[in-house]
Amino acid sequence: KTPLIASPARTQAIINRYRLPIKKSLGQNFLTDINILEHIVQAADLTEKDNVIEIGPGIGALTEFLAQSAHQVMAFEIDDQLIPVLDDTLSPYENVTIVNQDILKANLPQLIKDNFDADRPLKLVANLPYYITTPILLSVLQSSMHFDNITVMMQKEVADRLVAVPGTKAYGSLSIAVQYRSIPEVAFTVPRTAFIPQPNVDSAIITMTDRADFDPAPFDEKVFFKFVKGCFMHRRKSFWNNLLSIFGKDADVKVQLTDVLEKVHVSPQIRSEKLPIETFIMLTNTLHDEGL
Ligand code: SAM
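When you number the sequence shown by the UniProt record's numbering, it's gap-free, plus one each residue, and the end is 293.
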């Protein structure tokens with residue numbers, strides 16, 4: 002299983018041969034470290050039974066490793082100029098389909114249904130375009146699709162927010178949105194020297210596995226996510242002041258809010274970053290019961 006694409010020399014040769022203008026605006030940083038690519042496949046626990054979705058194949062460095070380990074791979078690449086390159090670099094692999102679409106606009110559930118056998122495990126593996134890490138993760142996690150696991154590279158600072166626990170600086174609405182649906186873990190970190198061109202941040206691989214649903218559940222998930230986001234709008238303010246920004250400062254509202262906080266045993270002076278997910282769910286439901 003000798004790789005044909007990754008390695009600093011081969012990557013540079015491909016860039017030169019196609020005179021590729023590397024597009025920073027599309028987050029193009031190509032992985033050149035074979036060891037790291039092997040570790041990504043291991044972290045994703047890939048087997049020949051699996052179907053895999055990849056986001057942003059670039060020149061195909063990771064795609065090649067996925068093709069060698071999995072049953073079928075479907076990779077979404079937005080950059081038209083990379084399509085002929087991928088046709089060439091991945092020509093030895095018959096189990097790869099390249100889809101020239103923006104992942105945020107693609108009808109992923111439909112494409113999976115049309116192209117993949119539903120009986121097989123489905124995994125998502127990607128070295129994400131960093132400028133849209135959050136929208137990609139939120140749209141995947143909040144969709145109806147089920148991935149047996151998700152293994153994605155992102156900038157280290159965002160990875161820290163994903164896995165952050167209550168009471169830490171990195172904990173916020175992104176931690177909650179991700180941990181509401183999954184158990185995220187940092188598999189390993191990746192130095193900027195593993196890429197051409199080098200990004201100006203270090204990276205980390207995150208694996209996400211399913212978690213059991215929260216019980217009680219929020220009465221409405223959209224309302225829950227919106228409420229959580231509101232609670233972290235002003236991080237330096239107390240929880241109480243964030244509540245007033247969301248619900249207004251009417252005397253009546255203040256009475257209702259005080260009532261709710263007493264019911265769920267939350268101090269108004271606390272910071273939102275101290276509150277665990279269960280408390281945000283209880284608050285969402287109790288506020289709704291109070292008519293707020
Ligand atoms: N997978 C390759 C690797 O590891 O070497 C490249 C990863 S690079 C960090 C991100 C890739 O995502 C680029 O090829 C970029 O063109 C692509 N991309 C950026 N925005 C995208 C979008 N909205 N939909 C699909 N692909 C996108």
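Positions of the beta carbon are idealized from the N, C-alpha and C atoms, including for glycine.
Residue i classed as buried or exposed, judged by whether at least 16 other C-beta atoms fall within 10 angstroms
i, result
"residue 66", "buried"
"residue 259", "exposed"
"residue 234", "exposed"
"residue 178", "buried"
"residue 286", "buried"
"residue 182", "buried"
"residue 59", "buried"
"residue 55", "buried"
"residue 12", "buried"
"residue 256", "exposed"
"residue 204", "buried"
"residue 57", "buried"
For residue i, the residue or residues it bridges with in DSSP
i, result
"residue 283", "According to DSSP, which records beta bridges pairwise, residue 283 is partnered with nothing at all."
"residue 183", "211"
"residue 154", "128 and 206"
"residue 224", "None; residue 224 has no bridge partner."
"residue 143", "The partner list for residue 143 (beta bridge, DSSP) is empty, contrary to what the question assumes."
"residue 76", "55 and 99"
"residue 191", "204"
"residue 196", "32"
"residue 123", "52"
CB of residue i within 9 Å of CB of residue j, strictly
i, j, result
"residue 90", "residue 15", "yes"
"residue 240", "residue 267", "yes"
"residue 207", "residue 163", "yes"
"residue 51", "residue 149", "yes"
"residue 185", "residue 282", "no"
"residue 118", "residue 77", "no"
"residue 62", "residue 10", "no"
"residue 200", "residue 30", "yes"
"residue 176", "residue 232", "no"
"residue 293", "residue 254", "yes"
"residue 174", "residue 229", "yes"
"residue 226", "residue 279", "no"
"residue 147", "residue 221", "no"
"residue 71", "residue 47", "yes"
Neighbourhood of residue i by C-beta, 6 Å cutoff - its chain only, sequence neighbours within 5 removed
i, result
"residue 45", "124, 126 and 152"
"residue 69", "2"
"residue 132", "28"
"residue 109", "none"
"residue 92", "none"
Sequence-distant residues of its chain with Cβ nearer than 7 Å to residue i (five each side left out)
i, result
"residue 275", "167 and 168"
"residue 242", "235"
8 Å CB neighbourhood of residue i in its chain, flanking five on each side removed
i, result
"residue 80", "24, 27 and 29"
"residue 107", "77 and 100"
*asked:* Check whether the stretch 109-129 and the stretch 146-156 touch, using three or more Cβ-Cβ pairs below 8 Å as the test.
replied: yes
*Is the stretch 30-48 touching the stretch 92-110 in the sense that three or more CB pairs, one from each, lie closer than 8 Å?*
no
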